[in-house]
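Protein chains: 2
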Amino acid sequence: MKPAQLTQTISDTMIDLRKSERKVAEFVLKEPLGVIRMRIVDLAQQAGVSEPTVVRFCRAVGCHGFQDFKLALAQQLASSPSYGQIAVTDTDSTREYTHKVFDSTVDTLLKLRDSLALENLEAAVAAICNAQRVEFYGFGASAAVAFDAQHKFFRLQITSAAYSDPHLQNMSATSLQPGDVVIAISQSGRTQALLDSMELVKRSGGIVIGLAPSGTPIAHSANIAIEIDAKEDIQIYTPLSSRIAHLAVIDVLAIGVAQKKGPQLQAHLQQLQSGLSSLRID
Amino acid sequence: MKPAQLTQTISDTMIDLRKSERKVAEFVLKEPLGVIRMRIVDLAQQAGVSEPTVVRFCRAVGCHGFQDFKLALAQQLASSPSYGQIAVTDTDSTREYTHKVFDSTVDTLLKLRDSLALENLEAAVAAICNAQRVEFYGFGASAAVAFDAQHKFFRLQITSAAYSDPHLQNMSATSLQPGDVVIAISQSGRTQALLDSMELVKRSGGIVIGLAPSGTPIAHSANIAIEIDAKEDIQIYTPLSSRIAHLAVIDVLAIGVAQKKGPQLQAHLQQLQSGLSSLRID
DNA sequence: GCATTTCTTGTAAATTTTTTACATAATTCA
DNA sequence: TGAATTATGTAAAAAATTTACAAGAAATGC
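Taken in sequence, the protein lines are chains U and L.
If you count by the numbering used here, then the first sequence holds residues 1 to 282, one letter each, in order.
If you count by the numbering used here, then the second sequence holds residues 1001 to 1282, one letter each, in order.
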């Protein structure tokens, strides 16, 4: 019924439109973000046509009326915030680049949310719950993610460790028991040393969960691949959003495990909390 | 400005609402998908209240009026298909909590984006650019943030270190030169050991940038406070979103520094990139 | 426990916004 | 070029939203 991509429909319908309706179409495509806050009179004026023409345009693109049209447009724009150009330039003000950093991060997260393979997540959660030991391997920016993950899972009463040193990884990998889990984290998906460690894990009978971009060697090599295709900012600084994307996925795994472990955990966490409070001041 | 996750806002605001407004809130949360196609009369009737009450409800949750409210709701639903009526399947609960993690993270980020004190960010960037050394201190979950930050700033050709050990922090703090910068990261804002380290830094003439919730001792004690009030998930696990919020702020700082350092950096980063590629496979 | 004040909520009116009806202008085709 | 057709705008009607206000409920003080 409702076209998923309204702007697409508008482009497609364009040739069938009358001259003044086309003016409306062009204006909408040029400034879709502005349109969703406009009244019909504003849009009519700005497009240089009369109000009924706007209504006729809305009907022509398959909507029931103007309100209906705005709603559909708003929905489309909500799912692709990238409509507003996100790229930090030299001349950006503090406010601008702050917004851009947040917006692009949010954008990455929303896209990732909808592209995650749920069955792999479930498999990963199940594997983690069954493991005696859970370890996190990562280098560079992924090392910080690994340590964060370790901290988080440790709190969930899971024996976990994080290694960012290939020697330590190798040593630990060879001592794993069948069923133990290693989560290999890589933003590039192509780190040779990590692949080597993964090989050792698999030889020990361990299960490797890979957090890496799809189609990369690490995603292929993992027993359970959680593919994370965060749009890399190739500019000034590397793994920015992708790192946060990885953390979010770790969070999802942690929640999944927490849910599975159930209420036994609650008591433990409360205890932990009271222990921590002695380190804090009022 | 506009709440990203309207339903979240509605839940949060619920306690402040009057009885009949709450009826509207409950109805909206129960059937959000239906509401976006309703007129104000329909919603009023179905919720069992009068039309002005609906308008008052819309205002109470931060919208300008009913239309505005519907628009915001539509936008959220467009980006959270989980709200759509989907038959309960085996994968559904996974889907649900996955969405919750992402949605609440996004929510936190957007709220933070609009509440950051820009002038403090600018002051922080300026301080970092002037420093000979930049160090990151944090414990627990904030330790991972500190290491991530260290990694990021190191790439920007800034002599940086990260310590999550109070002894190392103290030793390093006493050896700082005036003008050097320490970024103290705390999700609680009340870690005693961190406050002690900060005191030492200040005695050495160093500048302390504090990343902590507003109104906390660490925020007060810092020379430049960047207040981060991420809604803590009191549930199963602690610092979840707040940790990502801290990372995002670090990103903003890094961008700010990168921008100030200007193009001289570009060449350096390219060099770095080619160096890294030897560690990766094709 | 009653009177007074304050806060809630609905009714009805006013305003705003959208849509329809119709007339005029523009275009097409013979 | 002129009749027919289509396109567009004007103005009025309808619909929807918002405001003003009054009645009712709850809370507070005496």
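Don't be surprised by glycine CBs; every beta carbon is placed ideally from N, CA and C.
- Item | Per-residue DSSP class, three states only, for S1142 of chain L | The residue you call residue 1142 of chain L lines up with position 142 of the second sequence. Note: S1142 of chain L maps to helix in three-state DSSP.
- Task: List the residues of chain L that A74 of chain U touches, going by C-beta distances under 7 Å, in chain order.
- Result: The residue given as residue 74 of chain U occupies position 74 in the first sequence. Going along chain L in sequence order, the residues near A74 of chain U (Cβ under 7 Å) are L1071, A1074, Q1075.
- Query: Going by Cα to Cα distance, which pick from U:Q75, U:I15, U:I183 is closest to R133 of chain U?
  - Reply: For the purposes of this step, residue 133 of chain U is taken as residue 133 along the first sequence, with counting starting at 1. The residue with the shortest Cα to Cα distance from R133 of chain U is U:I183.
- Task: List the endpoints of the continuous alpha helix (DSSP H) containing I1183 of chain L.
- Result: As a first step, residue 1183 of chain L is located in the second sequence; it is residue number 183 there, counting from the start. Note, I1183 of chain L: premise wrong, no alpha helix (DSSP H); beta strand (DSSP E) at 1181 to 1185.
- Just the C-alpha distance for E1021 of chain L and R1056 of chain L, rounded to the nearest angstrom, thanks. For this step, residue 1021 of chain L is matched to residue 21 along the second sequence. For this step, residue 1056 of chain L is matched to residue 56 along the second sequence. Rounded to the nearest angstrom, the two C-alpha atoms are 7 Å apart.
- Item | Segments assigned alpha helix (DSSP H), at least 4 residues, entirely inside the segment 101 to 183 of chain U | 118 to 130, 141 to 155, 166 to 174
- Query: Roughly how far, in whole angstroms, is the beta-carbon of P1213 of chain L from the beta-carbon of I1226 of chain L, given that I think they are within contact range, below 8 Å?
  - Reply: Locating residue 1213 of chain L in the second sequence gives position 213, counting from the first residue. Locating residue 1226 of chain L in the second sequence gives position 226, counting from the first residue. Rounded, the Cβ-Cβ distance is 11 Å, inconsistent with contact.
- Query: Distance, Cα to Cα, G138 of chain U vs S241 of chain U?
  - Reply: The count along the first sequence starts at 1 and reaches residue 138 of chain U at position 138. The count along the first sequence starts at 1 and reaches residue 241 of chain U at position 241. When rounded, the distance between both Cα atoms is 17 Å.
- Query: Mind checking if Y237 of chain U is an interface residue toward chain L, Cβ cutoff 8 Å exclusive?
  - Reply: Taking the first sequence and counting its residues from 1, one reaches residue 237 of chain U at position 237. Low confidence applies to Y237 of chain U: its pLDDT is 43, below 50, so where it sits in the model is not reliable enough to give any reading.
- Quick one: is R39 of chain U buried, meaning 16 or more other Cβ sit within 10 Å of its Cβ, or exposed? Here residue 39 of chain U corresponds to residue number 39 of the first sequence, with the count starting at 1. Looking at its Cβ environment, which holds fewer than 16 other Cβ atoms inside 10 Å, R39 of chain U is exposed.
- How would you list, in chain order, the residues of chain U whose beta-carbon sits under 7 Å from the beta-carbon of R1095 of chain L? Taking the second sequence and counting its residues from 1, the one referred to as residue 1095 of chain L is at position 95. Those within 7 Å of R1095 of chain L in chain U are L118.
- Using a Cβ cut-off of 8 Å (strictly closer), state whether I15 of chain U contacts chain L. Position 15 of the first sequence, counted from the first residue, corresponds to residue 15 of chain U. Chain L contact via Cβ: absent.
- Item | Segment contact, 8 Å Cβ cut-off, at least three pairs: the segment 1143 to 1159 of chain L with the segment 1171 to 1179 of chain L | no
- For the candidate residues L:A1193, L:I1244, L:S1093, L:A1060, whose alpha-carbon lies nearest to that of H1167 of chain L? On the second sequence, residue 1167 of chain L is found 167 positions in, with the first residue counted as 1. The shortest Cα separation from H1167 of chain L among L:A1193, L:I1244, L:S1093, L:A1060 belongs to L:A1193.
- Query: Near A1254 of chain L, which residues of its chain fall below 6 Å by C-beta distance, leaving aside the five closest residues on each side in sequence?
  - Reply: Against the second sequence, residue 1254 of chain L aligns to sequence position 254. Excluding positions up to five away in sequence, the list reads K1152.
- Task: Report back the beta-carbon spacing between G1205 of chain L and A1222 of chain L to the nearest angstrom; my notes put them in contact at under 8 Å.
- Result: One-based indexing of the second sequence puts residue 1205 of chain L at position 205. One-based indexing of the second sequence puts residue 1222 of chain L at position 222. Rounded, the Cβ-Cβ distance is 15 Å, inconsistent with contact.
- Rounded to the nearest angstrom, how far is the Cβ of R243 of chain U from that of D1068 of chain L, given a contact under 8 Å? Against the first sequence, residue 243 of chain U aligns to sequence position 243. Against the second sequence, residue 1068 of chain L aligns to sequence position 68. Not confirmed; about 35 Å, so no contact.
- Just the C-alpha distance for L1200 of chain L and F1136 of chain L, rounded to the nearest angstrom, thanks. Translated into the one-based positions of the second sequence, residue 1200 of chain L becomes position 200. Translated into the one-based positions of the second sequence, residue 1136 of chain L becomes position 136. Taking the straight line joining both Cα atoms gives about 14 Å.
- Contacts that L247 of chain U makes with chain L (C-beta to C-beta distance below 8 Å): Locating residue 247 of chain U in the first sequence gives position 247, counting from the first residue. Going along chain L in sequence order, the residues near L247 of chain U (Cβ under 8 Å) are R1243, I1244, L1247.
- Across which residues does DSSP place A1212 of chain L in a beta bridge pair? Mapped onto the second sequence, residue 1212 of chain L falls at position 212. DSSP, once it has assigned bridges, lists L:E1227 as partnering A1212 of chain L.
- In the DSSP assignment, find the unbroken alpha helix (DSSP H) run with H64 of chain U in it and report its ends. The sequence position of residue 64 of chain U within the first sequence is 64, counting from 1. Counting along the chain, H64 of chain U falls outside any alpha helix (DSSP H), and DSSP gives it neither H nor E.
- Query: How about D1251 of chain L: is its C-beta nearer than 8 Å to some C-beta of chain U?
  - Reply: As a first step, residue 1251 of chain L must be located in the second sequence, where it is residue number 251. It does; some Cβ of chain U falls within 8 Å.
- Item | Per DSSP, the bridge partner or partners of I1207 of chain L | Numbered from its first residue, the second sequence carries residue 1207 of chain L at position 207. For I1207 of chain L, which the question treats as bridged, DSSP gives the partners L:V1181.
- Between the C-alpha atoms of R95 of chain U and L1116 of chain L, what's the straight-line distance to the nearest angstrom? The residue given as residue 95 of chain U occupies position 95 in the first sequence. The residue given as residue 1116 of chain L occupies position 116 in the second sequence. Their backbone Cα atoms lie some 9 Å apart in a straight line.
- Test: K19 of chain U CB closer than 8 Å to a CB of chain L: Counting from 1 along the first sequence, the entry for residue 19 of chain U is found at position 19. Closer than 8 Å: no.
- Task: Evaluate H969 of chain L with the Cβ neighbour count: other Cβ atoms within 10 Å of its Cβ, from every protein chain shown; 16 or more gives buried, anything less gives exposed.
- Result: Since the first residue of chain L shown is 1001 and the last is 1282, residue 969 of chain L is not available in this structure.
- Query: Is it true that the CB of L1121 of chain L sits closer than 8 Å to the CB of G1256 of chain L?
  - Reply: Position 256 of the second sequence, counted from the start, is the residue given in the question as residue 1256 of chain L. Position 121 of the second sequence, counted from the start, is the residue given in the question as residue 1121 of chain L. Yes, the Cβ-Cβ distance between G1256 of chain L and L1121 of chain L is below 8 Å.
- Message: Starting from I40 of chain U, trace the alpha helix (DSSP H) in both directions and tell me its first and last residue.
- Response: Within the first sequence, numbered from 1, the residue matching residue 40 of chain U stands at position 40. Counting along the chain, the alpha helix (DSSP H) containing I40 of chain U begins and ends at 40 to 47.
- Query: In whole angstroms, what separates the C-alpha of L110 of chain U from that of L1071 of chain L?
  - Reply: Indexing the first sequence from 1 puts residue 110 of chain U at position 110. Indexing the second sequence from 1 puts residue 1071 of chain L at position 71. Distance between the alpha carbons of L110 of chain U and L1071 of chain L: 19 Å.
- Item | Beta-carbon proximity list for I128 of chain U, same chain, < 6 Å, skipping 5 on both sides | As a working note, residue 128 of chain U is residue 128 in the first sequence. Contacts found: V134, V181, V257.
- Task: Rounded to whole angstroms, what's the CA-CA distance from G1215 of chain L to V1252 of chain L? Just pull it up for me.
- Result: Taking the second sequence and counting its residues from 1, one reaches residue 1215 of chain L at position 215. Taking the second sequence and counting its residues from 1, one reaches residue 1252 of chain L at position 252. G1215 of chain L and V1252 of chain L: Cα-Cα distance of roughly 22 Å.
- Can you list the residues of chain L that T105 of chain U reaches, using a CB-CB cut of under 7 Å? For the purposes of this step, residue 105 of chain U is taken as residue 105 along the first sequence, with counting starting at 1. Under the 7 Å cutoff, chain L gives L1109, A1248.
- Assigned secondary structure, Q8 of chain U (DSSP; H/G/I helix, E/B strand, else coil): Counting from one through the first sequence, the residue named residue 8 of chain U turns up at place 8. The answer is helix: DSSP assigns Q8 of chain U an H, G or I state.
- Is it true that the CB of T9 of chain U sits closer than 8 Å to the CB of G65 of chain U? Walking along the first sequence from the start, residue 65 of chain U turns up at place 65. Walking along the first sequence from the start, residue 9 of chain U turns up at place 9. No, these two residues do not count as a Cβ contact at 8 Å.
- Task: Would you please verify whether the beta carbon of M1 of chain U is less than 8 Å from any beta carbon of chain L?
- Result: Working through the first sequence from its first residue, we reach residue 1 of chain U at position 1. Its pLDDT being 37, under 50, M1 of chain U is placed unreliably in this model, and the value from its coordinates should be taken loosely. So, not an interface residue.
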